[in-house]
Every structure is written in C-alpha cells, then in structure tokens.
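A quick write-up on the structure given underneath.
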Amino acid sequence: MQLTYILELLKPTKRKQNIFLNSIAEVVKNRQFIAEKLKAGENKLSSADFKEINLPSAVKNQNIREVKALYKLFLKSNSSKDNLAFKANQPICYNNQNYKIDHHIISIPLYSTKCQRFAFPVKQTERFEELHKYIKSGCKLGKASLFYKRGKWYFAVTIKIADKETTNSRVIGIDIGLRQLAVASIKNSQGKEINRQFHNGKQAGFIRKKYRSLRRKLGQAKRVKAIKNIDDKEQRWMTDLNHKISRQLINLAVQEQVGTVIMENLENIQNTAKSLNRADRNLHNWTFYQLQQFIEYKAQLAGIKVEYINPKYTSQSCCKCAKVKKANRKANLYSCECGNHIHSDLNASRNIANKYLEQQSA
Ligand SMILES: [Zn+2]
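So for the sequence shown, the UniProt record's numbering puts the first residue at 1; every next one is plus one.
Written out as structure tokens, the structure is:
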C-alpha cells in the first residue's frame, strides 16, 4: 500500500521563501498553459514546449503528466466551465528522482535565475521518524509535493510499503452512529465475544450544540466569514476525535490479535440520522465516512484486513437468536423475546461481526 507523510519544513529564510513563491507562481503559469494546449488539441507535449517557464524540466514533465490526468477527468465531468483553472496556491510536484531525503534534510531543485538544489531541514516529529524507518528498511519513495499553507511550508512524501497481512481469525465488528460514535465487538471465529469497546457521543453532541448556537447567533448578524471559521473549527475538532477513536479501536484490535475489521457499507446512511436537520445530517455523513476511513487506514498499517457488509437489519435483528423485529429496538436498548436484553449499538456491532462470520462459513 501507499502511505503519505506530510512533513513540516523549518521556517526558510526570506530569500528562500521568495524563491519558493516564485516557483509556485511558475507552476501555476505552467499548468494553465498546459491546460490551454490540451484544449487546443495538442497532446504531444514535452518540457521543451514551455521554454518561457522558469522551472526544471523534470518539474515541467511532472506538470504535464498531472495536468493531462486532470484534463481527462475534466472532460469526463461534462463541466460547464471553459477549461481547468488553477488556483494561485499550487503545490510543486516532484517524482522520486528529483528529491532526496537525507537524515533530517530534504533537497529539491528550484528555479531562481538558474536551477539550484535547495536543502531544507525538516521538523523532527514522530511521523518523520516513522518515515525514516520505512526508508531504512528499503521501501521505495514515490511522488512528493511542496506546498504552502497558513504561513507554513510542507513537503508531502509518498512511500510504498509492503502489505503485511495477519492470518488471525478473530474479527472486530464496528458499529458507527450518533449516540455512540463507535461500538466494537471482538469475536473469535466461533462467534464468541472476547472483548468490546464503547465510544459514546455525549461530548460530540455537546460540542455540536455549542457550535450550532454560535452559528445561529452569527447567522442573524450575517457574519459569513465568522460562520465559516466556526465550521472549520468544528470540523477540526471532529477530525481530531475521529483520529483518537480509530487509534483506540485499532489498538484494541491489535492487542486482541484481530485479523479482520468489519464495518457497514454506509453509502445509504441517511436513515440512521433521521432526527437531524439537513446541515447536521451532512456533517454526520461526513464524519461517519471519515471515521471509517481512519479506521481502514490504521487497520491496514497494522496488517489487519478490512471488509464491509450490507447494513440491512444490523440494528433490527437480535444478535442472539437472529430474529428481525424493528420494535425490539428502543433507543439504547434492544430487547428480544428470547431473553436477550442488550445495548442496541452493541447488538448492532455483534450483528456486523456475525454477518461476516456467516458469509465466511457459508
Ligand atoms: Zn433474540
């Protein structure tokens, strides 16, 4: 699988920063020219076609490849726009022959009056250490890009690591929702529960209400920009929480020697959040999706497989006797005539695990 590491660079000097910014401006120009040529039907492009652009030819070639791919997507999208338009803040892309990572220094070619290599120290972080371990163990670096965001410079590096996959037969069924953001049930291959984990949504609900009332107040004052800031803040808060939840779930999975994570295919999640207004529902779809992505990513890193099952009846059926009855679920409690009384989301997470185990044994 391919991983991306976003490394923060230590603050460059004013002179270097200006060279960076100039290069970015050249990249924007280069990409726009490429898009124009593609629109004019010129498909055979090389760096020599862009002599007026001050960039290393390797970067020009990389731009050509990327804009060609984007242009294909643009044509497919049937957009009403005239052509691709590149924003002023473009990343500068490199392939693995253009840049080097040596200890804590990244060196890349940039153009001022002539092409020069520049060395940039990277901020030492745990992530950077992790990347180093992969490089040392012989993993191959892939594409990278240099970009500027909120006053800081970053270098995003991709690296290909070997897929390791466990053969452990234990599974973890994870139910994702609102009252409980995630509930997990770990089962062995015979269907016996070994461990469980709850992540309740009380705090998230509280934060959501807080931001909603803030938004309402600002809405009356028509402060669009302030509202946007609040939205960003709320998103960052949720993203952070999703990182924590996914980390704890996968830690438990590793500790319990789980081989497969099972989640619901949530493409039609609308129904789970009926009680919410539309804006909240969109936010929730987004955070549910993000949480699943984080879980998937961390699971793969740990060599754990990820499978998705159809969510039909997972919350309505009894995890003990498999009877399907919607009325048996009342808010937090699932009560079945067979004597099974259980937290409704734990019931769902067990069903998710069961569904997969049944498919396996069928
Ligand atoms: Zn039952």
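Virtual Cβ for every residue (Gly too), placed ideally from N, Cα, C. This one's a predicted model, so the numbers in the text were calculated from it and none came from an experiment.
CA-to-CA, the gap between W286 and C115 works out to about 43 Å. In the structure shown, S317 falls within a strand segment according to DSSP collapsed to helix, strand and coil. Rounded to the nearest angstrom, the gap between the Cα atoms of T13 and V258 is 49 Å. Contact annotation: Y211 and I24 have beta-carbon atoms that are not nearer than 8 Å. In this structure, V67 sits near R31, with a CB-CB distance shorter than 8 Å. Taking the Cβ atoms as the reference, R329 lies roughly 19 Å from E193, outside the contact range of under 8 Å. By the beta-carbon neighbour count (other beta carbons within 10 angstroms, threshold 16), S145 is buried. Judged by the Cβ position, N354 fails to qualify as a neighbour of ligand 1 at the 7 Å threshold, every heavy atom of the ligand being at least this far. Environment of ligand 1, chain-ordered: C318, K320, C321, K323, C336, E337, C338 and N340, taking every residue with Cβ within less than 7 Å of a heavy atom. Contiguous beta strand (DSSP E) elements confined to the region 189 to 266 occur at 193 to 200 and 258 to 264, taking only those with 3 or more residues. Judged by pairs of C-beta atoms under 8 Å, the region 69 to 77 does not touch the region 115 to 128, as fewer than three such pairs exist.
Straight through space, the alpha carbons of N195 and Q90 are spaced by roughly 47 Å. If you look at I161, you'll find it isn't in any alpha helix (DSSP H); DSSP assigns it neither H nor E. Q180 sits in a strand when the DSSP states are folded into three classes. The DSSP-derived three-state label of D82 is coil. DSSP lists Y334 as the bridge partner or partners of R329.
Within its own chain, the residues whose Cβ lies closer than 6 Å to the Cβ of N347, once the five positions on either side in sequence are excluded, are C319 and Y334, listed in chain order. For the pair F198 and D232, the Cα-to-Cα distance works out to about 27 Å. Contact between I34 and I64 holds, since their C-beta atoms are separated by about 6 Å, short of 8 Å. Ranked by Cα distance from K312, the options L291, N229, L266 and R208 are led by L266. Rounded to the nearest angstrom, the gap between the Cα atoms of H103 and R117 is 17 Å. In the three-state DSSP reduction, T287 falls in the helix class (H, G or I). It is roughly 19 Å from the alpha-carbon of K222 to the alpha-carbon of E234.
Annotation: I342 is outside any alpha helix (DSSP H); the continuous beta strand (DSSP E) that includes it extends over H341 to H343.
For the pair K133 and I108, the Cα-to-Cα distance works out to about 21 Å.
If you draw a straight line from the Cα of E8 to the Cα of I92, it comes to about 15 Å.
Proximity to K11 across K100, G151 and Q220 peaks at G151, based on C-alpha coordinates.
F128 has its alpha-carbon roughly 12 Å from the corresponding atom of I159.
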